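Comments concern the structure below.
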Amino acid sequence: MPAEDLNRTLGFLLHDASRLMRKRFDRRARTLGLTRAQWRVLSQLRRREGINQSALADILEVENITMGRHIDRLEDAGWVERRPDPEDRRAWRLYLAGKVQPILDGMRVLSNETREEALAGLSADQRDILIDGLVTIKDNLLRQEAAESEDDEAATGTKG
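Shown next as structure tokens:
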């Protein structure tokens with residue numbers, strides 16, 4: 769396939785657009801004193817407060833030891849709190865500390881600015897169509913992944 773055709777290939781476009789948005793956000797997030805790893809952890813915790821470190825590591829696709837280091841730094845900064853898991857004495861639940869709210873507010877502003885830059889030139893209807901299409905793609909892939917996981921479990925006789 770000629771190189772110019774790659775510019776219209778779904779996988780390449782999704783990857784490149786995602787990479788460029790992260791790069792733009794990274795550049796802005798530095799003004800808040802955040803690394804990419806830190807803002808990724810904080811953004812996931814904002815959506816999933818009370819999650820344990822292991823589950824958060826899975827979501828962010830990092831090793832548990834790496835996640836532990838990230839949480840250590842965020843805890844030292846006073847942005848994250850570890851609390852004992854009432855159901856598992858070996859585990860910790862993660863919560864955002866009150867001190868992090870200005871950082872989260874700043875991240876929200878930077879996220880909105882980055883999104884507006886990315887969507888410039890698209891009408892409201894075009895934006896809705898784009899988002900609806902991406903949601904459909906995501907749902908299709910999640911459905912396929914779930915079906916394949918069930919097939920794998922049936923073939924091996926294992927669950928989970």
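Quick note on the working numbering: the sequence shown kicks off at 769 and runs consecutively.
Each residue gets a CB set at the ideal place from its N, CA and C atoms; glycine is no exception.
Owing to the predicted nature of the structure, the values given are computational and were not obtained by experimental measurement.
Residue i: first and last residue of the uninterrupted alpha helix (DSSP H) it sits in
{"i": "residue 898", "result": "892–924"}
{"i": "residue 834", "result": "832–844"}
{"i": "residue 881", "result": "869–887"}
{"i": "residue 800", "result": "Run containing residue 800: none; DSSP gives neither H nor E here."}
Residues that residue i bridges to, as DSSP identifies them
{"i": "residue 853", "result": "856"}
{"i": "residue 792", "result": "Partner(s): none; residue 792 has no beta bridge."}
{"i": "residue 864", "result": "848"}
{"i": "residue 820", "result": "861"}
Test item: CB-CB of residue i and residue j under 8 angstroms
{"i": "residue 793", "j": "residue 890", "result": "no"}
{"i": "residue 847", "j": "residue 859", "result": "no"}
{"i": "residue 813", "j": "residue 875", "result": "no"}
{"i": "residue 881", "j": "residue 796", "result": "yes"}
{"i": "residue 782", "j": "residue 808", "result": "no"}
{"i": "residue 838", "j": "residue 785", "result": "no"}
Residue from the options with nearest C-alpha to residue i
{"i": "residue 853", "options": "830, 797, 901 and 823", "result": "823"}
{"i": "residue 821", "options": "849, 899, 798 and 868", "result": "849"}
{"i": "residue 818", "options": "776, 857 and 862", "result": "862"}
{"i": "residue 799", "options": "871, 893 and 908", "result": "871"}
{"i": "residue 801", "options": "909, 845, 787 and 785", "result": "845"}
{"i": "residue 789", "options": "906, 886 and 841", "result": "886"}
{"i": "residue 867", "options": "833, 843 and 851", "result": "843"}
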